[in-house]
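**Q** After the structure tokens below, expect a handful of questions from me.
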DNA sequence: TTAATACTCAATTAATCTATTGAATACTTA
DNA sequence: TAAGTATTCAATAGATTAATTGAGTATTAA
């Protein structure tokens with residue numbers, strides 16, 4: 002009477018653990034986080050996560066075996082993407098849980114921002130009110146493809162790489178709010194640093210698109226004429 | 002310029018992975034699932050999960066190190082509980098993700114229920130409508146403490162252990178709907194089997210209290226006079 | 001056809017994790 | 001105070017995992 006029940010439970014939890022094992026490695030979590038922003042080739046994922054291509058490929062196959070991501074071959078490239086949006090939601094839940102339960106996360110963040118005065122993220126609510134009123138310029142510094150996949154309505158798309166060349170398009174008489182992939186992406190930090198050095202008044206929005214979507218805020222899709 | 006950013010990311014994802022590592026073992030997931038139902042001593046957790054006490058204790062400490070559970074000493078017992086309800090929600094998200102992405106889960110479930118005709122769970126919506134009308138008797142077969150922590154309004158509490166002694170309290174002229182901790186708990190299956198053998202018309206509700214709560218249904222708390 | 005690019009595979013090593021055992025600690029009751 | 005119960009600790013062996021390396025396959029471009 003006990004045995005078949007135990008075997009059943011063991012098998013079921015074994016399956017659940019496949020998901021857990023997939024998200025038990027820091028590098029795989031970083032890959033998942035990147036894939037939350039959109040599809041990517043192995044090489045790009047490897048580069049962005051600081052892995053060798055072979056190593057990234059292996060991690061991606063583990064994620065695929067857990068059915069968290071899927072891959073399609075396009076020409077000579079293999080393009081990985083999240084299996085579905087639920088995976089993104091799951092990753093976010095896990096991230097929020099870590100932020101709320103593990104004090105170390107806040108510590109690491111603080112330590113990283115130390116010495117970069119005023120780089121603390123601004124208040125989201127007040128900010129989005131200003132955005133609605135058009136009282137600030139919102140700047141999306143992610144690569145263009147990510148902007149097209151979803152951005153804050155009215156935001157200007159200038160990837161960090163090109164920022165130096167497009168400074169003329171930005172106003173000196175208005176606040177500039179830069180955002181990127183989320184709290185652990187450094188693109189917006191670098192953007193704000195550069196803008197301040199050039200005399201702009203710039204602040205950083207910590208939330209990424211996934212966060213804003215989860216908060217129920219409207220997200221625009223596709224290109225926008227600047 | 003690249004180095005400090007990489008170190009920052011490595012540290013952050015390392016923290017996230019603490020959560021992932023904690024939920025990467027089948028036994029720890031089973032312990033978490035049990036704790037979603039309420040606080041328990043090490044010994045009870047060990048017994049219910051089929052672990053030795055020493056082993057259960059070690060797993061619990063790993064869960065505690067990841068801040069998913071907390072422990073309090075009461076007399077000679079150490080009582081473990083979830084750190085907060087977010088953990089329960091996280092576990093549920095993970096479970097739902099596994100169910101939706103891993104076909105094996107459904108297979109294992111089907112195989113287990115094979116040969117137990119009519120044990121397939123009944124339609125939740127139709128059922129809850131009947132419950133509201135009082136057209137069925139709802140039976141909670143979990144231990145009393147778990148019933149008190151939260152149950153379907155109007156449900157009768159008869160733990161599986163005592164069921165044989167309380168058969169007289171159940172109606173022969175009405176459907177009986179038994180439920181327990183959720184889809185992977187076998188208490189309600191055993192209850193339905195026993196009831197059918199005794200000539201009752203019994204069916205099983207697959208959802209547990211956590212599922213019903215997540216669906217936004219009302220949950221009653223505390224004892225109920227039968 | 002050849003060379004280059006993008007990715008995967010297989011084998012190795014070092015590190016980490018799991019379950020087991022027996023002993024140690026802490027609290028309660030007799 | 002002694003005995004019993006509940007839990008944790010420490011040491012171990014076996015299993016699993018991660019990163020590395022070098023080779024292998026598939027596709028594209030020259």
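Chains as they are written, first to last, in the numbering used here: chain G, 2 to 227; chain L, 2 to 227.
For each residue, glycine too, the CB sits at the ideal point set by N, CA and C.
Kindly indicate if chain L contains any beta-carbon less than 9 Å away from that of residue 195 of chain G.
**A** The sequence position of residue 195 of chain G within the first chain is 194, counting from 1. Closer than 9 Å: no.
**Q** Measure from the C-beta of residue 227 of chain G to each C-beta in chain L and report whether the shortest distance is under 9 Å.
**A** Position 226 of the first chain, counted from the first residue, corresponds to residue 227 of chain G. Caution applies to residue 227 of chain G, whose pLDDT of 45 falls short of 50 and renders its modelled position unreliable; the model cannot decide the point.
**Q** Considering residue 196 of chain L, what are the terminal residues of the alpha helix (DSSP H) in which it resides?
**A** Here residue 196 of chain L corresponds to residue number 195 of the second chain, with the count starting at 1. 188-198 is the extent of the alpha helix (DSSP H) around residue 196 of chain L.
**Q** Whole angstroms are fine: how far does the CA of residue 83 of chain G sit from the CA of residue 33 of chain G?
**A** One-based indexing of the first chain puts residue 33 of chain G at position 32. One-based indexing of the first chain puts residue 83 of chain G at position 82. The alpha-carbon atoms of residue 33 of chain G and residue 83 of chain G are separated by roughly 8 Å.
**Q** For residue 156 of chain L, which of L:88, L:162, L:136 and L:174 has the nearest alpha-carbon?
**A** For the purposes of this step, residue 156 of chain L is identified with residue 155 of the second chain, where counting begins at 1. Cα-wise, what sits closest to residue 156 of chain L is L:136.
**Q** Determine which residues share a DSSP beta bridge with residue 139 of chain G and list them.
**A** Here residue 139 of chain G is taken as the residue at index 138 of the first chain, counted from 1. Bridge partners of residue 139 of chain G: G:178.
**Q** Below 9 Å on C-beta distance, what does residue 94 of chain G contact in chain L?
**A** Counting from one through the first chain, the residue named residue 94 of chain G turns up at place 93. The answer, in chain order, is 87, 90, 91, 94 and 95.
**Q** Which residues in the same chain have their Cβ closer than 6 Å to the Cβ of residue 222 of chain L, if we skip the five residues on either side of it in sequence?
**A** For the purposes of this step, residue 222 of chain L is taken as residue 221 along the second chain, with counting starting at 1. Only 151 meet the Cβ criterion.
**Q** Among the residues of its own chain, which have a CB less than 8 Å from the CB of residue 227 of chain G, if the five just before and after it don't count?
**A** The sequence position of residue 227 of chain G within the first chain is 226, counting from 1. Only weak support exists for where residue 227 of chain G lies, its pLDDT of 45 falling under 50; the coordinates are left without a value.
**Q** Based on DSSP bridge pairs, tell me the residues matched to residue 78 of chain L.
**A** Mapped onto the second chain, residue 78 of chain L falls at position 77. Answer is L:75, bridged to residue 78 of chain L.
**Q** Does DSSP put residue 68 of chain L in a helix, in a strand, or in coil?
**A** Taking the second chain and counting its residues from 1, the one referred to as residue 68 of chain L is at position 67. Looking at residue 68 of chain L - three-state DSSP - the assignment turns out to be coil, as it is neither helix nor strand.
**Q** With a floor of 3 residues, list each beta strand (DSSP E) that falls wholly inside the stretch 79-106 of chain G, ordered by position along the chain.
**A** Runs of the beta strand (DSSP E) inside the stretch 79-106 of chain G: none found.
**Q** Could you tell me the alpha carbon to alpha carbon distance between residue 1 of chain L and residue 15 of chain G, rounded to whole angstroms?
**A** Chain L is shown only over 2 to 227; residue 1 of chain L falls outside these bounds and no answer can be derived.
**Q** Ends of the alpha helix (DSSP H) at residue 215 of chain G?
**A** What you label residue 215 of chain G is simply residue 214 of the first chain in a count that begins at 1. Looking at the DSSP string, the run of the alpha helix (DSSP H) that includes residue 215 of chain G is 210-215.
**Q** So, residue 81 of chain L versus residue 52 of chain L, is the Cβ gap smaller than 9 Å?
**A** Taking the second chain and counting its residues from 1, one reaches residue 81 of chain L at position 80. Taking the second chain and counting its residues from 1, one reaches residue 52 of chain L at position 51. No; because the gap between Cβ atoms is not below 9 Å, this pair is not in contact.
**Q** Could you check whether residue 182 of chain G and residue 160 of chain G sit closer than 9 Å to each other, using their CB atoms as the reference points?
**A** The count along the first chain starts at 1 and reaches residue 160 of chain G at position 159. The count along the first chain starts at 1 and reaches residue 182 of chain G at position 181. In this structure, residue 182 of chain G does not lie closer than 9 Å to residue 160 of chain G by Cβ.
**Q** With DSSP run on the structure shown, which of helix, strand or coil describes residue 156 of chain G?
**A** Here residue 156 of chain G refers to the residue found at position 155 when the first chain is read from its first residue. Residue 156 of chain G falls in the coil class under three-state DSSP.
**Q** Excluding the 5 residues flanking residue 106 of chain G on each side, which residues of the same chain have their C-beta closer than 8 Å to its C-beta?
**A** Looking up residue 106 of chain G in the first chain gives position 105. Hits under 8 Å: 99 and 100.
**Q** Would you mind telling me which residues of chain L sit closer than 7 Å to residue 20 of chain G, beta carbon to beta carbon, in chain order?
**A** Reading the first chain from its first residue, position 19 is the one you call residue 20 of chain G. Neighbours of residue 20 of chain G on chain L, chain order: 95, 98 and 99.
**Q** Below 9 Å between beta carbons: does that hold for residue 209 of chain L and residue 184 of chain L?
**A** The residue given as residue 209 of chain L occupies position 208 in the second chain. The residue given as residue 184 of chain L occupies position 183 in the second chain. Going by C-beta atoms, residue 209 of chain L is nearer than 9 Å to residue 184 of chain L.
**Q** Quick check on residue 141 of chain G: buried or exposed, where buried means 16 or more other Cβ atoms within 10 Å of its Cβ?
**A** Looking up residue 141 of chain G in the first chain gives position 140. So residue 141 of chain G counts as buried.
**Q** Run through DSSP, which three-state label would residue 145 of chain L get?
**A** Here residue 145 of chain L refers to the residue found at position 144 of the second chain. DSSP places residue 145 of chain L in helix when its eight states are reduced to three.
**Q** Grouping DSSP H, G and I as helix and E and B as strand, with all else coil, what is residue 117 of chain G?
**A** Residue numbering aside, residue 117 of chain G sits at position 116 when the first chain is read from its first letter. Correct three-state label for residue 117 of chain G: coil.
**Q** So, using beta-carbon positions, are residue 25 of chain L and residue 24 of chain G closer together than 9 Å?
**A** Looking up residue 25 of chain L in the second chain gives position 24. Looking up residue 24 of chain G in the first chain gives position 23. Against a cut-off of 9 Å, the Cβ pair of residue 24 of chain G and residue 25 of chain L comes out as a contact.
**Q** Assuming residue 206 of chain L and residue 123 of chain L are in contact, meaning their beta carbons sit under 8 Å apart, how far apart are those beta carbons, in whole angstroms?
**A** For the purposes of this step, residue 206 of chain L is identified with residue 205 of the second chain, where counting begins at 1. For the purposes of this step, residue 123 of chain L is identified with residue 122 of the second chain, where counting begins at 1. Their Cβ separation, rounded to whole angstroms, is 6 Å, which keeps residue 206 of chain L and residue 123 of chain L in contact under 8 Å.
**Q** Between residue 40 of chain L and residue 215 of chain L, which are expected to be in contact by the criterion C-beta below 8 Å, what is the C-beta distance as a whole number of angstroms?
**A** As a first step, residue 40 of chain L is located in the second chain; it is residue number 39 there, counting from the start. As a first step, residue 215 of chain L is located in the second chain; it is residue number 214 there, counting from the start. About 20 Å; that fails the 8 Å criterion.
**Q** Three-state secondary structure (DSSP) at residue 125 of chain G?
**A** For this step, residue 125 of chain G is matched to residue 124 along the first chain. Residue state, collapsed to three classes: helix.
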